[in-house]
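Reviewing the structure listed below.
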Amino acid sequence: MDYLHYKGYTGNVKYSEADKCFVGKVLGMNNDLILYEGENMDDLYADFQESIESYFESCKEIGKKPSRPVLLNVRIPAEIHGKIVSLAERKGVPVDDIVKEALLQTTNIALESATI
Numbered sequence: 303m304d305y306l307h308y309k310g311y312t313g314n315v316k317y318s319e320a321d322k323c324f325v326g327k328v329l330g331m332n333n334d335l336i337l338y339e340g341e342n343m344d345d346l347y348a349d350f351q352e353s354i355e356s357y358f359e360s361c362k363e364i365g366k367k368p369s370r371p372v373l374l375n376v377r378i379p380a381e382i383h384g385k386i387v388s389l390a391e392r393k394g395v396p397v398d399d400i401v402k403e404a405l406l407q408t409t410n411i412a413l414e415s416a417t418i
């Protein structure tokens, strides 16, 4: 997957077969959603930048401080990555869902054992 970067924000790049265009969203935004699209990569990047600038303007108009993205980058061995991808494909869910569930389960177990 490719990523776009602008003013500290990172966005993903996907192709929408249904819409016959590239689409994406800014990653790591907990309370806000920033989406963009384009017929080609140049249009996509331009809309990505415009969407972030529009987000800044909207925040300014309502007196809100723009949210900063929260990203977690984790390096894992290729063997584990392959297993996660395989599991996600078998379940028909995004890889992110598998990782989130594993982290949630691990965190819950760690919290339970820490309180005992």
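Taking the numbering used here, I'd label the letters of the sequence shown as residues 303 to 418.
By construction, the Cβ of each residue, glycine as well, lies at the ideal position given by its N, Cα and C atoms.
If you're wondering where the values come from, they're calculated on a predicted model, not measured in any experiment.
Does the distance from the C-beta atom of residue i to that of residue j stay below 7 Å?
i      : j      : result
Val325 : Tyr311 : no
Val372 : Gly330 : yes
Tyr333 : Ser360 : According to the sequence as given, residue 333 is Asn; it is not Tyr. For Asn333 and Ser360, no; Cβs fall outside 7 Å.
Taking the straight line between their C-alpha atoms, what separation do you get for residue i and residue j?
i      : j      : result
Glu414 : Asp399 : 22 Å
Asn410 : Val401 : 14 Å
Val395 : His383 : 15 Å
Phe350 : Glu381 : 34 Å
Ala416 : Arg377 : 26 Å
Leu374 : Glu319 : 29 Å
Leu346 : Tyr317 : 11 Å
Glu391 : Glu355 : 36 Å
Ala404 : Lys393 : 14 Å
Ala412 : Phe358 : 38 Å
Val397 : Leu406 : 14 Å
Measure how close the beta-carbons of residue i and residue j come, nearest whole angstrom, since I'm counting them as under 8 Å.
i      : j      : result
Ala353 : Leu337 : Correcting the residue identity first, residue 353 is Ser in this sequence and not Ala. That belief holds up - the Cβ atoms of Ser353 and Leu337 are roughly 7 Å apart, short of 8 Å.
Val315 : Tyr305 : 7 Å
Under the DSSP definition of a beta bridge, which residues are partnered with residue i?
i      : result
Glu359 : According to DSSP, Glu359 bridges with nothing at all.
Thr312 : His307
Glu339 : Val325
Tyr317 : Phe324
Three-pair Cβ contact test at 8 Å for the stretch 363 to 370 versus the stretch 387 to 396: no
At least three beta-carbon pairs within less than 8 Å, the stretch 315 to 323 to the stretch 334 to 341: yes
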